[in-house]
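In the numbering used here, the protein residues as written are 345 to 784. No residue lacks a Cβ here, since even glycine has one placed at the ideal position from N, Cα and C. This one's a predicted model, so the numbers in the text were calculated from it and none came from an experiment. One structure is given below, encoded as structure tokens.
Given below as structure tokens:
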């Protein structure tokens, strides 16, 4: 059966090697062997996916339970909507005892991997374009984060009671997760970490109403710690997501969880320009709706501040140069390779250009702040007349081309470094736009 399936794919010897790695992983688990032997359709899907992506082959070898996903080709190549994801996770977690945090953590990891597999399979088949792939990967993260907040909050409430407000009423979490970077920009890849910031709007002077009360400030700090623990901890099924909290106010030296008031004060008085650039790509992704709305109001007001455009331009250019030196191709190897994200003419040039124009123009065009992703920000810059529409459209196409390449390479276990002569037209155009907007 295996040899028959191999005749249908290219790169048969390489594919066989990948499939045999999986077989080796499941040899002692007869149920998985029986599944493949009794379901030739699943074996066919396995061989095809292993042929097209070593990353998927490794995922299946690490988590053989995912072989169940291959039984139904229709569902494998049709990822669910966000509402369907939420409903599926809710039903899945209802079967696990509330107090069994370890089993909940395992179940969350399997849920994430199963749905990422479906997205990757759909991308390889061509049924999901890049923008939809990022949407689905972002929905998976948002659904998981929402559930993690609920689990962590309920766990703490069972021990310490609900946080109280100044008027004596109890908080309905009053906590939110803000996504920055790729999560905020709706650009998640298959192995992206999550840049997160935690905020709450509870009164830090009040305490919880349980038998073992905590000051609200302590309660929310523990809530943040528990969320990071659930996401970061290595279990038998691996890590749920790697979390980066360095974009919070004052970075690693700052509080893990800030009040909305403290967050606003920091952004107004102490944040560096690069932190306002990061804010342009931030959005609320999970938690209390009122707290999320409070964050969006702060973000809008900060981004719409009047700024000295020349000073702003200089700061953005200087920060871009620092990033390029730190993360781009070393001078000794320039010309040999091209880093799609970090080198001159790469993705980061487009992102910094867009962020500069947003910070420079949002005071006159507040509608620019309504989106956190580069694609719609570019479209809005064109509609507002800040950039020529033909330039925003060309930058949009170029951005999608480069990001699509990164996605495809990730499925091949390849990094973002390509041949030095790759994408000559795209790089030349990005460099010309950078010169025009940022340097002339």
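Determine the direct distance from the alpha carbon of residue j to that of residue i, and round the result to whole angstroms.
i           : j           : result
residue 640 : residue 518 : 15 Å
residue 774 : residue 746 : 11 Å
residue 383 : residue 429 : 26 Å
residue 616 : residue 625 : 15 Å
residue 561 : residue 635 : 16 Å
residue 607 : residue 706 : 20 Å
residue 619 : residue 417 : 44 Å
residue 663 : residue 770 : 22 Å
residue 703 : residue 457 : 37 Å
residue 642 : residue 493 : 22 Å
residue 602 : residue 487 : 23 Å
residue 714 : residue 644 : 8 Å
residue 791 : residue 478 : Within the shown structure, residues of the chain are numbered from 345 to 784, placing residue 791 beyond reach of any answer.
residue 506 : residue 447 : 25 Å
residue 748 : residue 459 : 20 Å
residue 659 : residue 545 : 32 Å
residue 513 : residue 547 : 11 Å
residue 679 : residue 609 : 45 Å
residue 469 : residue 716 : 29 Å
residue 665 : residue 696 : 11 Å
residue 357 : residue 466 : 24 Å
residue 354 : residue 756 : 15 Å
residue 764 : residue 525 : 27 Å
residue 661 : residue 734 : 24 Å
residue 412 : residue 502 : 36 Å
residue 683 : residue 779 : 19 Å
residue 653 : residue 568 : 37 Å
residue 655 : residue 623 : 18 Å
residue 364 : residue 630 : 41 Å
residue 359 : residue 405 : 13 Å
residue 378 : residue 410 : 14 Å
residue 554 : residue 498 : 13 Å
residue 431 : residue 738 : 39 Å
Look at residue i and residue j and say whether their C-beta atoms are less than 9 Å apart.
i           : j           : result
residue 461 : residue 380 : no
residue 588 : residue 540 : yes
residue 732 : residue 535 : no
residue 677 : residue 750 : no
residue 600 : residue 592 : yes
residue 522 : residue 529 : no
residue 496 : residue 570 : yes
residue 423 : residue 472 : yes
residue 566 : residue 575 : no
residue 612 : residue 699 : no
residue 577 : residue 483 : no
residue 628 : residue 520 : yes
residue 563 : residue 500 : yes
residue 730 : residue 712 : yes
residue 594 : residue 614 : yes
residue 719 : residue 740 : yes
residue 646 : residue 668 : no
Contact defined as beta carbons within less than 8 Å: I believe residue i pairs with residue j. What is the distance between those atoms, to the nearest angstrom?
i           : j           : result
residue 516 : residue 632 : 6 Å
residue 504 : residue 433 : Incorrect: roughly 26 Å between the Cβ atoms, too far for contact.
residue 762 : residue 673 : So it is not a contact: roughly 10 Å between Cβ atoms.
residue 786 : residue 657 : Because the chain here runs from 345 to 784, residue 786 falls outside it and cannot be looked at.
residue 485 : residue 445 : Rounded, the Cβ-Cβ distance is 20 Å, inconsistent with contact.
residue 474 : residue 463 : So it is not a contact: roughly 11 Å between Cβ atoms.
residue 767 : residue 694 : Residue 767 to residue 694, Cβ: 13 Å. No contact.
Report all residues from its chain with a CB closer than 7 Å to the CB of residue i; omit the five preceding and five following residues, and keep chain order.
i           : result
residue 362 : 394, 398 and 401
residue 414 : 386, 389, 390 and 420
residue 736 : 722, 723, 725 and 726
residue 453 : 579, 581, 582 and 584
residue 551 : 508, 557, 558, 559 and 560
residue 590 : 596
residue 396 : 468
Using C-beta distances below 8 Å, list every residue in its chain close to residue i, excluding the 5 sequence neighbours before and after it, in chain order.
i           : result
residue 408 : 366, 369, 370, 373 and 376
residue 451 : 436, 437 and 440
residue 510 : 547, 549 and 550
residue 442 : 498
residue 772 : 689
By Cβ distance, which residues of its chain are closer than 6 Å to residue i, with the 5 residues on each side in sequence left out?
i           : result
residue 709 : 728
residue 586 : 537
residue 687 : 672 and 673
residue 572 : 587
residue 701 : 725 and 730
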